[in-house]
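Residue numbers (the numbering used here), protein chains in the order written: chain A, 1 to 205; chain B, 1 to 205.
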DNA sequence: TACGTTTTCAAACGCAGGTTTGAAAACGGA
DNA sequence: TCCGTTTTCAAACCTGCGTTTGAAAACGTA
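Quick look at the structure:
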């Protein structure tokens with residue numbers, strides 16, 4: 001693989017990630033992507049075999065980026081008291097709230113998919129979400145040692161839901177009638193609030 | 001207003017609601033709508049002044065349908081003990097889980113919008129979401145009488161998030177790796193579980 | 001029934017989308 | 001340097017989109 005062609009490929013991927021995250025698959029045109037990447041239009045078909053092939057690559061990267069952040073800390077969590085482990089988990093889930101970074105773009109692409117999953121996504125999900133769900137289930141199990149598997153699963157989703165509603169709706173929440181805007185310190189504050197309610201809810205405080 | 005033209009209008013609205021819910025605004029074509037409604041293509045421009053105007057009407061209906069269910073019971077809630085009021089609220093929020101009905105279509109349209117709100121939606125939201133948010137804030141205030149306005153708002157959203165993650169992701173949750181399917185009794189069970197955790201979280205049990 | 005208005009219709013328009021093409025340019029080993 | 005391969009490029013192609021048009025049909029009223 002020669003050097004310059006890799007650069008073109010990468011520019012396309014970067015531009016596509018931004019645009020797919022911002023507008024979704026349908027509303028993002030090939031022409032918009034190549035304009036942003038400053039690359040010839042035919043390059044997408046050459047390197048990715050069309051728009052759908054490009055999207056597949058972007059989705060893979062987003063999925064990896066999102067879960068590996070939590071998975072990377074799964075080891076730490078085992079060594080922490082359950083209260084601290086949960087607080088850290090919540091704080092990490094809320095991270096895309098403040099930062100306009102790669103992680104928040106990945107979350108955004110993910111959000112588009114949860115509305116109407118493409119086949120590409122379903123496959124990725126059933127193959128690679130298990131470790132992440134497993135990690136979350138193990139976390140809540142430390143608070144509900146006697147619960148059955150089904151309840152644990154619900155508890156894990158419950159925990160994720162409390163965080164995701166803020167992340168997913170960040171933009172709406174910034175406007176009326178809610179008017180909640182988040183900088184780093186506001187995210188810390190929110191994380192403490194949510195952790196507190198969750199800990200009490202699970203009977204740990 | 002004559003009779004048959006109202007029928008045409010209604011057929012268009014019904015078909016559009018289904019398709020917008022299923023595929024979102026961008027991926028739904030005028031041609032698909034008129035094919036489903038068995039109506040001439042120009043009828044959409046005639047009755048709704050274009051695709052966007054039609055979407056506005058669909059969005060309005062969806063919004064009304066979603067909130068009026070809760071608003072209609074706002075009166076009852078005031079007469080109930082706070083624990084029962086909250087449990088009833090949660091149960092109502094979870095309603096679209098079991099039914100494949102109008103309510104679940106409305107939720108779906110709503111979901112599309114939360115990913116990337118259209119101007120139409122933003123306007124509707126800032127104008128009409130206030131009563132619904134107010135109702136939810138009043139509910140949590142009964143558990144957190146000393147909290148400031150910002151915390152109450154967060155608590156209200158927190159409560160909504162716990163429910164919405166199950167409703168929004170119903171289809172994904174049904175498959176691997178989670179495998180949670182919901183019939184009426186499962187929804188009751190889930191509502192009790194969530195209510196319990198929430199009540200404890202807010203310090204009421 | 002007669003007539004102005006409302007509503008439907010088939011056809012076409014202009015545009016933006018994804019993809020294809022064929023040649024030019026850049027590359028890299030011999 | 002030479003030559004086969006890889007990569008880029010501008011232009012065109014075709015399809016499907018939302019909208020417009022102008023006339024025909026249906027309607028409601030007097």
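Idealized CB from N, CA, C, for every residue including glycine.
A quick note: this is a predicted structure, and the numbers were derived from the prediction, not measured.
Under the Cβ criterion of 9 angstroms, residue 148(B) is not counted among the residues facing chain A.
Secondary structure of residue 154(A) (DSSP, three-state): helix.
When the beta-carbon positions are compared, residue 162(A) and residue 158(B) come within less than 9 angstroms of each other.
When C-alpha distances from residue 16(A) are compared across 194(A), 200(A) and 108(A), the shortest belongs to 108(A).
Note that the C-beta distance between residue 178(A) and residue 96(A) is not below 9 angstroms. Annotated three-state conformation of residue 73(B) is coil, per DSSP. In the DSSP assignment, residue 86(A) falls within the unbroken alpha helix (DSSP H) covering 82 to 93.
Every alpha helix (DSSP H) stretch that sits fully inside the stretch 123 to 182 of chain A and reaches 4 residues is listed by chain position as 149 to 168 and 170 to 174. Neighbours of residue 24(A) across chain B, judged by C-beta separation under 8 angstroms: 24, 26, 115 and 116. Look at residue 38(B) here: in three-state DSSP terms it is coil, with no helix or strand label. Residue contact with chain A for residue 166(B): present (Cβ-Cβ distance below 9 angstroms to some residue of chain A). From the listed residues 30(A), 203(A), 142(A) and 136(A), the smallest Cα separation to residue 90(A) is found for 136(A). DSSP, read as helix, strand or coil, puts residue 193(A) in helix. Within the stretch 39 to 51 of chain B, no residue places its CB atom closer than 8 angstroms to a CB of chain A. Under a 10 Å Cβ-count criterion, residue 185(A) is classified as exposed, with fewer than 16 other Cβ atoms of the shown protein chains found around its own Cβ. According to the DSSP assignment, residue 29(B) belongs to no alpha helix (DSSP H), since it is labelled neither H nor E. For residue 8(B), no CB of chain A lies under 9 angstroms from its own CB, so it is not counted at the interface with that chain.
For residue 36(A), not one C-beta of chain B is nearer than 9 angstroms to its own C-beta.
For the stretch 153 to 164 of chain B, the residues whose beta carbon sits under 7 angstroms from a beta carbon of chain A are, in order, 153, 154, 157, 158, 160, 161, 162 and 164. Here DSSP, grouped into helix, strand and coil, assigns residue 200(A) to helix. The beta carbons of residue 32(B) and residue 13(B) sit no closer together than 9 angstroms. Residue 203(A) has a beta carbon lying within less than 9 angstroms of a beta carbon in chain B.
If you draw a straight line from the Cα of residue 88(B) to the Cα of residue 128(B), it comes to about 22 angstroms.
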